[in-house]
Amino acid sequence: MGVPISQMWTVATYVLKKRLKGETKYPLVLMLEPLFRCNLACAGCGKVQYPPHILKKELTPEECFAAVEECGVPMVSLPGGEPLLHKQIVEIVNGLIARKKYIYLCTNALLLKERIHEFTPSKYLTFSVHLDGQREHHDMSVCREGGFDQAIEGIKEAVKRGFRVTPNSTFFDGTDPNMVRAYFDEVMALGVEGIVLSPGYSYDKAPDQQHFLGRAKSRRLFRAILSNRKKSWKFNMSPLFLEFLMGKRNYECTAWGSPAYNIFGWQKPCYLLQDGYVDTFKELVETTDWNEYGTSSGNPKCANCMVSCGYEPSAVQHGFGSWSGFFAMAKAAIFSSYKDKGALDLLNNHGSFAAQHDHFVKIESIAPAAKLEETRA
Amino acid sequence: MSQPTVNVDDLEVVDGFAHENLEGWIPELASAADLKEALEKAFDYRGDITLTFKSGEKVEGYVFNRQTGTTLADSTITYFAANAPDKRKATYADIARIEFTGKDRAAGKHWEAWVKKYTEKKAAGEKNIALMPEALD
């Protein structure tokens, strides 16, 4: 397992304390977006499409610390936008480390090598580097040639300096599971702590609207990717969440498990959907009609979602909040190879994962050497 | 929320969302329902809106929140004016005119456009091909 024991202990005791207090709606990870500005322009991203005066705004360190303290989470994810564009990101990170929060700084790593000397290695700090596959896949995914090489340089430098590093991948319709497995080999060889992955979410503001995986295809894809695992692969995720992606277990969304805070306030209901904003975390929990969200609600915006921000908290709460979950988690850690002949067949017949839309045939035909499947975020 | 008519667990691929072209739209605000509908679209719009208030004040800004009450007087929008740092709030009842004046930032930059650009530049022998974020100034 890729997650350090100290971090698991912190999360486990946090969950147990909440359960002992009888709390049912508590967050695990704060998605703290200190800015929306980004130095990439990915077609599958629905996070950064704002007017310039909004993109210029940034949360102050004090606003970040107040949000973290208000919701009381043990872990903080710093997505964006690109956090390394934030003028005070070092101050924010250091302040969170001082508060003993486990931080995942989500970066495309274009600036990582340049700015890494400003940070100090800590068990609390992980650079979560956006990588959507091997070179050609990633570069097409982020709409920038050379993006992969810059990210890899950043990863190598961070690993060399003793930082925790987890490559973070999002997969869309048309992803070849064989490519993903080859990518796992490549990134693990760099010395990263573990891999983070997720199916893409169909942001309604994403410029590209045609390539989102449905749940059936997602499960088949992740079964093909994550079965018959190599011992060298480590994942910085709940093993039960990975089993959820593989279709081995079912969870309901815990939308309040990864609340989002940004320049607009606390986002209703979750990191992915924008149904409005409130001023406090308490208001978020108490005034959101949670029955309106999740697959069982019938809300079409939730129909294909299997994304970690909603479902990994469900898996973590199951794992640390019940004996059955704890044993399932222990079993997953011990028997982690997931031998599955059917999954091997899926890998051998990976044509079934081809994208549904015709123009992907055109993409492959324009660059046959690159084998461009459209895995991107 | 109505129950789903299809089993979402059986879906292979999910359709995206249809993008409504609102850039340049000036809705007619003949009734309270018109105003509510227009402000709901303004909330969803990823560009600036020009609001003209009944006081005569005109503000261009980004509407990022709305809270609907039982009347126009207790329904509010929250926005960032383009030329001011702080959040501002206004009641629906204060608003006289809405114009979708800002560029729709969620439009364009499609995957197909990127692939087309990539193909053309690659064929021309260019290197370091990329889509760049728009300039902020």
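Line order of the protein sequences matches chains F and H.
Note that the numbering used here has the first sequence beginning at 1, numbered continuously upward.
Note that the numbering used here has the second sequence beginning at 1001, numbered continuously upward.
Even for Gly, the Cβ is constructed at its ideal location relative to N, Cα and C.
Asked, Found
"Where proline 74 (chain F) sits in the DSSP three-state scheme", "coil"
"Neighbour flag for leucine 1131 (chain H) against chain F, beta carbons, 8 angstroms", "yes"
"Residues that glycine 1061 (chain H) bridges to, as DSSP identifies them", "H:Ile1049 and H:Ala1081"
"Same chain, Cβ closer than 7 angstroms to glycine 214 (chain F), neighbours up to 5 away in sequence not counted", "Asn304"
"Member of H:Gly1069, H:Ile1098, H:Lys1058 and H:Asp1048 whose CA lies at the smallest distance from the CA of alanine 1030 (chain H)", "H:Ile1098"
"Contact between the segment 27-38 of chain F and the segment 69-84 of chain F (3+ Cβ pairs under 8 angstroms)", "yes"
"Contacts around histidine 350 (chain F), its chain only, beta-carbon distance under 8 angstroms, and the 5 residues preceding and following it disregarded", "Asp176, Pro177, Asn178 and Ala224"
"Limits of the unbroken alpha helix (DSSP H) element including serine 1075 (chain H)", "From DSSP, serine 1075 (chain H) is part of no alpha helix (DSSP H); its letter is neither H nor E."
"CB contact flag (phenylalanine 235 (chain F), glycine 22 (chain F), <8 angstroms)", "no"
"Proline 1104 (chain H) and glycine 1047 (chain H) closer than 8 angstroms at C-beta", "Reading off the sequence shown, one finds aspartate at residue 1104 (chain H), where the question assumed proline. Yes, they are a contact pair."
"Check whether valine 187 (chain F) and proline 167 (chain F) have beta carbons under 8 angstroms apart", "yes"
"Terminal residues of the alpha helix (DSSP H) in which glutamate 130 (chain F) lies", "Per the sequence shown, residue 130 (chain F) should be read as histidine rather than glutamate. No alpha helix (DSSP H) contains histidine 130 (chain F), which is instead part of the beta strand (DSSP E) from 125-130."
"Residue interval of the alpha helix (DSSP H) (run including lysine 18 (chain F))", "5-20"
"C-beta atoms of lysine 101 (chain F) and tyrosine 124 (chain F) nearer than 8 angstroms", "yes"
"Proximal chain F residues relative to tyrosine 1062 (chain H), where beta-carbon distance stays under 8 angstroms", "Tyr50, Pro51, His53 and Ile54"
"Spatially closest choice to aspartate 345 (chain F) from F:Asp275, F:Tyr251, F:Ser227 and F:Thr254, by CA coordinates", "F:Ser227"
"Heavy atom of the ligand ATP within 7 angstroms of alanine 333 (chain F) beta-carbon", "Among the components of this structure there are no ligands whatsoever, and the ligand ATP is therefore not found."
"Near-chain H residues of the segment 273-287 of chain F (beta-carbon distance less than 9 angstroms), N- to C-terminal order", "Gln274, Gly276, Tyr277 and Val278"
"Nearest residue (CA-CA) to valine 90 (chain F), options F:Thr60, F:Cys71, F:Leu110 and F:Ala67", "F:Thr60"
"Three-state class that DSSP yields for lysine 1087 (chain H) in the structure shown", "strand"
"Tyrosine 183 (chain F), DSSP secondary structure in three states", "helix"
"Cutoff 6 angstroms; reference tyrosine 26 (chain F); Cβ partners in own chain excluding five residues on either side", "Lys18"
"Enclosing alpha helix (DSSP H) for threonine 1119 (chain H) [first to last residue]", "1111-1123"
"Which of helix, strand or coil DSSP assigns to alanine 158 (chain F)", "helix"
"With 16 other Cβ atoms within 10 Å as the buried cut-off, status of aspartate 139 (chain F)", "buried"
"Same chain, Cβ closer than 7 angstroms to alanine 369 (chain F), neighbours up to 5 away in sequence not counted", "With a pLDDT of 29 at alanine 369 (chain F), under the threshold of 50, the modelled position of this residue cannot be trusted, and the question is left open."
"Arginine 249 (chain F) in three-state terms, based on DSSP", "coil"
"Any 3 or more C-beta pairs closer than 8 angstroms across the segment 90-99 of chain F and the segment 121-135 of chain F", "yes"
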